[in-house]
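The numbering of the sequence shown is our numbering, which starts it at 365 and goes up by one.
Ideal Cβ positions, reconstructed from N, Cα and C, are used throughout, including at glycine.
Just so it is clear, the structure is predicted and the values come from calculations on it, not from any experiment.
The structure appears right after this line, and notes come after that.
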Amino acid sequence: MILHDVTPNEDCLYCNKQLENPWSALNEKKMKFVCISLMDREDRAQKAQEEFHRVGLCQYVKMFRPSRGPSFLYGAWDSHHKICEASLKNSDKTNLTTIFEDDVCFEKNNDASSLVSRIGDSIETLSRENPKWNSLAWGNVSWFSMFYRPGLERCAGVCIHAYTLSHSGVKWIYEHPYPWKDKTKGQCGIDTWMHIRFPFNYRMSPIVAYQRNLKSDHKQKTIEAMFLNPNGMKNAQYWIPLVWTLFFILLIIGITLPVTLSTQNYTFIPIISSVPILFFIMLWTLVLTSVV
Numbered sequence: 365m366i367l368h369d370v371t372p373n374e375d376c377l378y379c380n381k382q383l384e385n386p387w388s389a390l391n392e393k394k395m396k397f398v399c400i401s402l403m404d405r406e407d408r409a410q411k412a413q414e415e416f417h418r419v420g421l422c423q424y425v426k427m428f429r430p431s432r433g434p435s436f437l438y439g440a441w442d443s444h445h446k447i448c449e450a451s452l453k454n455s456d457k458t459n460l461t462t463i464f465e466d467d468v469c470f471e472k473n474n475d476a477s478s479l480v481s482r483i484g485d486s487i488e489t490l491s492r493e494n495p496k497w498n499s500l501a502w503g504n505v506s507w508f509s510m511f512y513r514p515g516l517e518r519c520a521g522v523c524i525h526a527y528t529l530s531h532s533g534v535k536w537i538y539e540h541p542y543p544w545k546d547k548t549k550g551q552c553g554i555d556t557w558m559h560i561r562f563p564f565n566y567r568m569s570p571i572v573a574y575q576r577n578l579k580s581d582h583k584q585k586t587i588e589a590m591f592l593n594p595n596g597m598k599n600a601q602y603w604i605p606l607v608w609t610l611f612f613i614l615l616i617i618g619i620t621l622p623v624t625l626s627t628q629n630y631t632f633i634p635i636i637s638s639v640p641i642l643f644f645i646m647l648w649t650l651v652l653t654s655v656v
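Below, the structure written as structure tokens:
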């Protein structure tokens, strides 16, 4: 693995030791931070490092610079897998591993101390309430989520631009390398695979990490790209629940409309009743195909 520190910035208050760095509290809890950025995408690596300087993570993040793989799906999967492999070799069962991707950006309304406090509280809650927890997303786009504890949700979704793994989570990813023989093809990304097969996934709520609207090497549309606002932060976390709400409304209409109008002997009843169901199938197909 090619790892290097974040490049020091003479204007950074954390690099210059002018501000006390609150991330030391998580570092003392054996949390390691790694950011993935392709060797030939210095532009994205630079943007990520600017963000780390802004919130103080510059003192603790290691930049992982892999070479470009035979495909986007394989390259992304292999990068996360290599980090977990190294983490298992160099840490014990109490260590936590946080992985960033180089398009990460953090909630601008939260300072470094509040970020550390929220993340630390979330991990303490999970460790206390469910020692079997595997992953904590700092932000993602979920197609399913439910309340777990204040500030935490159980979820299944996509986007792994910022997430923390427990030792068991690291081990699970290490035990699941890229599953397809042809490295130039694949059926889904590691994020989709994780949230379908990976147990005990959680997400901070509200989320604290987003993805920047940067030029991507991934040519396939992704769900988060469908809902970007001008400053590069996703609105998808609000749109996905809306899609589900729309689904149930249309489902109710589709079920009750034929019954309600059955006594009217209208010949167009089947057409009317099928419209909402067909619309939902079309919409949900669009969402699912954009994910994988």
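Item: Checking 9 Å against the spacing of the C-beta atoms, do I487 and T528 come in under that value?; Value: yes
Item: Do the CB positions of C422 and C379 come within less than 9 Å of each other?; Value: yes
Item: Three-state secondary structure (DSSP) at G484?; Value: helix
Item: Considering Cα atoms alone, identify which of V419, Y424, L390 and S401 is closest to G433.; Value: S401
Item: Using the three-state DSSP reduction, which class does D442 fall into: helix, strand or coil?; Value: helix
Item: Determine the burial state of R567: buried for a count of at least 16 other Cβ atoms within 10 Å of its Cβ, exposed for fewer.; Value: buried
Item: Please name the residue in I560, D555 and W507 whose C-alpha comes closest to that of G439.; Value: D555
Item: Give the DSSP-derived three-state secondary structure of L479 in the structure shown.; Value: helix
Item: Determine the burial state of Q410: buried for a count of at least 16 other Cβ atoms within 10 Å of its Cβ, exposed for fewer.; Value: exposed
Item: Given a threshold of 16 other Cβ atoms within 10 Å of its Cβ, counted over all protein chains shown, does N504 qualify as buried or as exposed?; Value: buried
Item: With a floor of 3 residues, list each beta strand (DSSP E) that falls wholly inside the segment 392 to 418, ordered by position along the chain.; Value: 395 to 400
Item: If F436 sits next to V398, beta carbons under 8 Å apart, how far is it from one beta carbon to the other, in whole angstroms?; Value: No, F436 and V398 are not in contact; Cβ-Cβ is about 19 Å, not under 8 Å.
Item: Give every residue of the same chain whose Cβ lies closer than 8 Å to the Cβ of N498, excluding the five residues on either side of it in the sequence, and list them in chain order.; Value: L529, S530, S532, G533, W536, F562, P563, F564 and N565
Item: Rank F511, W507 and L367 by C-alpha distance to the C-alpha of V522 and give the top, closest one.; Value: W507
Item: Got a sec, what are the start and stop residues for the beta strand (DSSP E) D369 sits in?; Value: L367 to D369
Item: Output yes or no for whether 9 Å exceeds the beta carbon distance between V572 and L479.; Value: yes
Item: Tell me where the alpha helix (DSSP H) around R432 begins and ends.; Value: Counting along the chain, R432 falls outside any alpha helix (DSSP H), and DSSP gives it neither H nor E.
Item: Please list the terminal residues of the continuous alpha helix (DSSP H) segment that includes I537.; Value: H531 to Y538
Item: Since G521 sits in a beta bridge, which residues does DSSP pair it with?; Value: S506
Item: Could you spell out the range, first to last residue, of the beta strand (DSSP E) harbouring R567?; Value: N565 to M568
Item: I need the DSSP call for K457, collapsed to helix, strand or coil.; Value: coil
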